[in-house]
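Novice: Have a look at this one.
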Amino acid sequence: MRRNFKFYFYSPEHSELREIKWFRLKFFGSILVSVVLALILLLGADYYVFDMLGFSSERVTLLTNENQVLHQRLLALTQEMQQIEKSIQEISQSGDELRLKENLAALSSDEKQAGVGGTAPSASEEGISSELNTLLGSASSLIERLSSQVKVQQESYAEILRKKEYNEEFFKHLPAIKPMEGYYGKNDFGMRNHPVLGVMKFHEGVDIINDIGTPVYAPADGTVEFAGHSGGGYGVILLIKHGYGYETLFGHLSKTIAKEGQKVKRGDLIARSGNTGLVSGPHLHYEVHLNGVLQNPLNYFFNDSSPQEYRTLVTRGNNSR
Numbered sequence: 140m141r142r143n144f145k146f147y148f149y150s151p152e153h154s155e156l157r158e159i160k161w162f163r164l165k166f167f168g169s170i171l172v173s174v175v176l177a178l179i180l181l182l183g184a185d186y187y188v189f190d191m192l193g194f195s196s197e198r199v200t201l202l203t204n205e206n207q208v209l210h211q212r213l214l215a216l217t218q219e220m221q222q223i224e225k226s227i228q229e230i231s232q233s234g235d236e237l238r239l240k241e242n243l244a245a246l247s248s249d250e251k252q253a254g255v256g257g258t259a260p261s262a263s264e265e266g267i268s269s270e271l272n273t274l275l276g277s278a279s280s281l282i283e284r285l286s287s288q289v290k291v292q293q294e295s296y297a298e299i300l301r302k303k304e305y306n307e308e309f310f311k312h313l314p315a316i317k318p319m320e321g322y323y324g325k326n327d328f329g330m331r332n333h334p335v336l337g338v339m340k341f342h343e344g345v346d347i348i349n350d351i352g353t354p355v356y357a358p359a360d361g362t363v364e365f366a367g368h369s370g371g372g373y374g375v376i377l378l379i380k381h382g383y384g385y386e387t388l389f390g391h392l393s394k395t396i397a398k399e400g401q402k403v404k405r406g407d408l409i410a411r412s413g414n415t416g417l418v419s420g421p422h423l424h425y426e427v428h429l430n431g432v433l434q435n436p437l438n439y440f441f442n443d444s445s446p447q448e449y450r451t452l453v454t455r456g457n458n459s460r
């Protein structure tokens, strides 16, 4: 015997049980079934997509951990680069000191920052957080700044090295020591009363008084341009071209030792003093020319070093190597 089931609900409004008609029950039941099916399909689709793309729960966890590690490593590298930048600044300061030592002007702030700060910020990367984008941008800017600063310092130190090499070569050819032992007149260079002619005449060098035959030494590296009798008041002379615009002349010699065309070094014996030419007594006449212009030789004596003192310094320097 078929039973007919009926469903009732209590209606507070009418204070009685009322029967739920079958078509209503069917309608609401259909909705409930549809919702349940939709949830099942949605969950199944999610699982399918994650499975197809390989995003298992273990994979997601791994990617999350890798992201955290990379984020921390990027932050650590940025901090390391900041320390490198401080080191570059210290190198820059040392470079400025070296530049001044080699008679080069220190780099200005603008020169040190050449090529820095003029570029637009890099575009944000898609698919990552704003925090990571900021960190990447900061690291990129820092790398660019470090690259520019390193290039500036490389060029600066290359310039320092070139200037140092130039200075070393230049100072070898600078007439910087006394050419002979003896008495040096303090006011010899310029207008003075000629000791033989008795008239005011411009004296083109200094007179160094000593006995005939006193050794005369090259005041700097150079090449002997002339050695012999001048045919004039200076008697026997020797002329050295040192380069860099410098020339030195030695007059009233009794004997020349270095020959024309011979290369000499500072401290080499080149001649002996005498009394040839127009003189009142034995002495050495010594001149310094720079680019054809007469110079006061007294301004070129390094700490008033005599040839003997210079050779002593050279010997000490060689022995200390």
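Counting with our numbering, you get residues 140 to 460 for the letters of the sequence shown. Ideal placement from N, C-alpha and C gives every residue a C-beta, glycine not left out. Predicted model, so just to flag it, every value in this text is computed and none were measured.
Specify whether the segment 429-442 and the segment 313-323 touch according to this definition: at least 3 beta carbon pairs, one from each stretch, less than 8 Å apart.
Specialist: At 8 Å Cβ cutoff, the stretches touch.
Novice: What are the boundary residues of the beta strand (DSSP E) that GLU386 is part of?
Specialist: That run of the beta strand (DSSP E) goes 385-395.
Novice: Spatial neighbours of TYR296 within its chain, please: CB distance less than 7 Å, with the 5 preceding and 5 following residues excluded, ordered by chain position.
Specialist: Contacts found: GLY234.
Novice: From the DSSP output, in three-state form, read off THR362 for me.
Specialist: Note: THR362 maps to strand in three-state DSSP.
Novice: Excluding five sequence neighbours on each side, which residues of the same chain lie with their C-beta closer than 6 Å to the C-beta of LYS302?
Specialist: Same-chain partners within the cutoff: GLU241 and LEU243.
Novice: Thinking C-alpha only, which one of ASN349, ILE348, GLU236 and VAL403 is nearest GLU364?
Specialist: Taking only the C-alpha atoms, the option nearest GLU364 is VAL403.
Novice: What's the C-alpha gap between GLY276 and LEU213?
Specialist: The straight-line gap from Cα to Cα measures roughly 11 Å.
Novice: Could you check where the beta strand (DSSP E) with SER92 kicks off and where it finishes?
Specialist: Nothing in the structure corresponds to residue 92, since the chain is present only between 140 and 460.
Novice: Figure out for me which residue from PRO358, VAL291 and VAL289 has the closest Cα to the Cα of TYR385.
Specialist: Of the candidates PRO358, VAL291 and VAL289, the one whose C-alpha sits nearest the C-alpha of TYR385 is PRO358.
Novice: Please state if the CB of LEU392 and the CB of GLY361 are separated by a distance shorter than 9 Å.
Specialist: No, Cβ-Cβ distance for GLY361 and LEU392 is not below 9 Å.
Novice: Is it true that the CB of THR387 sits closer than 9 Å to the CB of ALA410?
Specialist: Not in contact: ALA410 and THR387 (Cβ atoms no closer than 9 Å).
Novice: Using the rule of at least 16 other Cβ atoms within 10 Å of the residue's Cβ for burial, across every protein chain shown, is LYS251 buried or exposed?
Specialist: Answer is buried; the Cβ neighbour count reaches 16.
Novice: If you draw a straight line from the alpha carbon of ILE230 to that of LEU216, how long is it in whole angstroms?
Specialist: One C-alpha to the other measures close to 21 Å.
Novice: In its own chain, which residues sit with a C-beta less than 6 Å from the C-beta of LYS380, not counting the 5 before and 5 after it?
Specialist: Only GLY361, THR362, GLU364 and GLU386 meet the Cβ criterion.
Novice: Would you kindly report the start and end of the unbroken beta strand (DSSP E) that includes PRO421?
Specialist: No beta strand (DSSP E) holds PRO421; DSSP gives it neither H nor E.
Novice: In this structure, how does DSSP classify ASP346 when only helix, strand and coil are distinguished?
Specialist: Here ASP346 sits in strand by DSSP.
Novice: Using CA atoms only, rank isn't needed, just tell me which of TYR439, LEU417, GLU426 and ILE348 is closest to TYR323.
Specialist: Nearest of TYR439, LEU417, GLU426 and ILE348 to TYR323, Cα basis: ILE348.
Novice: I'd like the list of long-range same chain contacts for TYR373, defined as Cβ closer than 7 Å, with 5 residues on each side in sequence excluded.
Specialist: Answer for TYR373: GLY390, HIS391, GLY416 and HIS424, listed in chain order.
Novice: Could you spell out the range, first to last residue, of the beta strand (DSSP E) harbouring ALA410?
Specialist: Per DSSP, ALA410 belongs to the beta strand (DSSP E) from 408-412.
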